[in-house]
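Here the structure comes first, spelled out in structure tokens, and everything after it is commentary.
Numbering (this note's numbering), first residue to last: 56 to 116.
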């Protein structure tokens, strides 16, 4: 399950495991109209993209 880290205020960070961004916001107790920053996302699609880029750099022609 992907892990999301949100910066809610200057000193408060919230990290949750959730299926998607909407679920992560709900689990972190953040409303959609609230001010927050997505600090880090450990999403599966991002891992696949980074793997493909690394393969192309290392083994591409």
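Where is the CB? At the ideal position from N, CA and C, for every residue including glycine. All of these numbers come straight from a predicted model, not from anything done at the bench.
Cα-Cα separation between residue i and residue j, rounded to whole angstroms
i, j, result
"residue 86", "residue 110", "39 Å"
Cutoff 7 Å; reference residue i; Cβ partners in own chain excluding five residues on either side
i, result
"residue 79", "59, 71 and 73"
Given residue i as reference, the closest of the options once Cα atoms are compared
i, options, result
"residue 64", "82, 91 and 56", "91"
"residue 66", "94, 88 and 113", "94"
Cut-off 6 Å between Cβ atoms - residues of its own chain near residue i, not counting five sequence neighbours on either side
i, result
"residue 116", "Confidence at residue 116 is low in this model, with a pLDDT of 48, below 50, so the placement of that residue is unreliable and no value is reported for it."
Three-state secondary structure assigned by DSSP to residue i
i, result
"residue 75", "coil"
"residue 86", "coil"
"residue 66", "coil"
Own chain partners of residue i with C-beta closer than 8 Å, once the 5 adjacent residues on each side are dropped
i, result
"residue 68", "60, 61, 62 and 94"
"residue 89", "63"
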